[in-house]
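Residue numbers (this note's numbering): 260 to 812. Glycine included, every Cβ here is placed at the ideal spot set by N, Cα and C. Working notes for the structure below.
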C-alpha cells in the first residue's frame, strides 16, 4: 500500500488536510485507509455538514471555531484515584473551550456530530474562586480548613519577614553588610578580621549574627544566622505547609471523584469534537481545492469526469502549459492502455490512484464526478517502487516480486496499477506474461487492474478492454521546429527545452480512445524529432518502424 500512495504522489496533498485538535492530529499522522462503505459515507455526510456550516459562517465566526478547536488540550481519560493539578487544569481548559464551541454551533450541527453539553457542574467546580476560564489552582474557597491554614501561613510569613528585617538591620549596623534579597555574600577576609576587638570577642560577634565559611584564601562566604524566634517561626511554618498539602490533597481527591464520575461524558465529548475537527478540516480542504464528493457503487464501472491529478496540474501551472483533466470509464476487470512516452499513460494511472487515495482516506476528490468502489488492497507495480531488502534483484525480478504480492491479494477487492510492467525483459516474453495475467484477471470481479504498456503484441482477449492515448495531433504541427527555426531567438539549454516541451504539450491530445489494434505512425519518433533529434535520422527510424509493422501484420 505504501508504494501505491507514493506512486499517487499523495503525501503532499494529505499534508494540506490539517485537523486542529491533538486527537485530530493523531488521526492525521496515522492516515487510516478506510475499507467500509458505510463508514466512508458517514464521513462524507459529516464533511457536507461542515461545508454547509462554513458557507453560513462569516470570517470571524469561522476563525472562532478554529480558535476553540486549537485550544482544546489532551485530557486524561483513564480512571485514577487522584488527578494532579496539571491534569485538572487540562480538563477545565477542555470543558471551557468545548462549551464555547458547542454554543457557537447550530443545533443541526451539534446533532450531526453528537455534540452535547452535560458538564456544567464539573466546570463550575473546577472554577471555584477568582480564577480565569483557562487557569486552575486549589483556591481557598474549596475548603474552610484550607483557607484557615493559609491564613496562618500568611501571618507567619509576615512575622518571619519582620524578624528577618530586624536581623538584616543588625548585621548591617555591626558589620556593614547588606544582603538585600541575596542568601549569601563573598567578602574579603580582612573586612571581618580587621576589627579592633579581641579575637574572642570578634568571633562571638560573628557567631551571633553570621554563618562563615572559607571561600578561598582571600575571601569568606557569609550568610545571615537566623534568630531563635525566626527558627521557631520557620519550624511552625514547615508544619503548616505539611497541613496545607494534606488539605489540598483532600480537595484534589474530591475534584478527582467528580472527574471520574464524568469520564463517560468526557470520552463522548472527545469523540464528538474529534469528528467535528476532522470534518471541518476536510471541508476547508474541499473549499481550497474545489473537491467533490465521491459516489460509491458496489460493483459497477469506475467513472471519472474531469478528474484532476493535482501534482501534475500544479506542475503545468508552474510551467505555463495547459493541464487537461481526465475523462474515463473503466468497465472491465482489466484494461490495457497503449501510448508513447509523454502521451499521458502514466498520468491516467496516477489520476486514478490519486482519486482513490483521496476517497478511501475520507476526503472529497478533485473531479467533476468520481464513481468508484471500496478496495481492500492497493498495489502499484512498476519503476520507482521501493526495493527494500530485495534490491539485489534485477529490475525484472523485482517487478515479479511486486506482482506476486498482487496475486496473493486477488481473493479480495483489489486495485492494481501496472505501469510499463516487464519493460526490462524481451518484448515477446513480456507480451506473453502480460497476456497471461490479463486472461486471469478478466474473469475476476473483485479486481480492477490497469496496464500501461508499449508492447503492441499483447493478446486481444475477451473481457479485457484496450485503450490508447490519442497522442499527437499532427495537423498544423510544423516539424521544421525540430531544427530550431521556429523557436524564439536567443534560446539555449533549458529555456529551449522548455519551449519544445510546451510545443509537444500543446499538440498532444491527452484523451483515452478505443485501440483498434491498427499500426500507426510512431508518436515516440515524432516526439524525439520535436525534442531536437536530427530530422533525417528520425525519418529513417520512422521508415524502419513502418516496415516492421508491415512485417508483423
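Whole-number beta carbon distance between residue j and residue i, since they are thought to touch under 8 Å
i, j, result
"residue 239", "residue 608", "Only positions 260 to 812 of the chain appear in this structure, which leaves residue 239 out of reach."
"residue 347", "residue 385", "6 Å"
"residue 404", "residue 506", "5 Å"
"residue 686", "residue 716", "7 Å"
"residue 336", "residue 515", "Incorrect: roughly 14 Å between the Cβ atoms, too far for contact."
"residue 575", "residue 606", "So it is not a contact: roughly 10 Å between Cβ atoms."
"residue 815", "residue 349", "No statement about residue 815 is possible, as the shown extent of the chain runs from 260 to 812 and does not include it."
With 16 other Cβ atoms within 10 Å as the buried cut-off, status of residue i
i, result
"residue 424", "exposed"
"residue 406", "exposed"
"residue 614", "buried"
"residue 531", "buried"
"residue 708", "buried"
"residue 312", "buried"
"residue 542", "buried"
"residue 661", "buried"
"residue 688", "exposed"
"residue 374", "buried"
"residue 772", "exposed"
Alpha-carbon to alpha-carbon, residue j and residue i
i, j, result
"residue 620", "residue 308", "18 Å"
"residue 553", "residue 523", "35 Å"
"residue 338", "residue 490", "43 Å"
"residue 551", "residue 283", "22 Å"
"residue 434", "residue 393", "50 Å"
"residue 353", "residue 512", "20 Å"
"residue 697", "residue 358", "58 Å"
"residue 501", "residue 399", "16 Å"
"residue 278", "residue 494", "53 Å"
"residue 589", "residue 706", "12 Å"
"residue 519", "residue 638", "47 Å"
"residue 480", "residue 432", "19 Å"
"residue 390", "residue 396", "8 Å"
"residue 436", "residue 401", "44 Å"
"residue 264", "residue 617", "10 Å"
"residue 370", "residue 417", "56 Å"
"residue 538", "residue 260", "24 Å"
"residue 289", "residue 363", "30 Å"
"residue 360", "residue 327", "6 Å"
"residue 668", "residue 366", "45 Å"
"residue 584", "residue 677", "21 Å"
Residue from the options with nearest C-alpha to residue i
i, options, result
"residue 356", "369, 427, 336 and 323", "323"
"residue 681", "670, 481 and 694", "694"
"residue 586", "729, 487 and 395", "729"
"residue 329", "672, 670 and 533", "533"
"residue 720", "702, 432 and 501", "702"
"residue 302", "689, 622, 313 and 482", "622"
"residue 527", "419, 378 and 285", "378"
"residue 604", "722, 488 and 770", "770"
"residue 633", "510, 642, 704 and 262", "704"
"residue 271", "584, 544, 714 and 561", "544"
"residue 672", "374, 439, 556 and 573", "556"
"residue 426", "488, 517, 546 and 571", "488"
CB contact flag (residue i, residue j, <8 Å)
i, j, result
"residue 331", "residue 294", "no"
"residue 675", "residue 665", "yes"
"residue 319", "residue 535", "no"
"residue 442", "residue 468", "no"
"residue 726", "residue 774", "yes"
"residue 630", "residue 559", "yes"
"residue 525", "residue 548", "no"
"residue 597", "residue 712", "yes"
"residue 387", "residue 499", "no"
"residue 722", "residue 591", "yes"
"residue 409", "residue 503", "yes"
"residue 276", "residue 540", "yes"
"residue 484", "residue 470", "yes"
"residue 415", "residue 287", "no"
"residue 510", "residue 474", "no"
"residue 422", "residue 465", "no"
Residue-level contact to chain C via CB, residue i, 8 Å cutoff
i, result
"residue 691", "Structure shown: chain C not included; a single protein chain is present."
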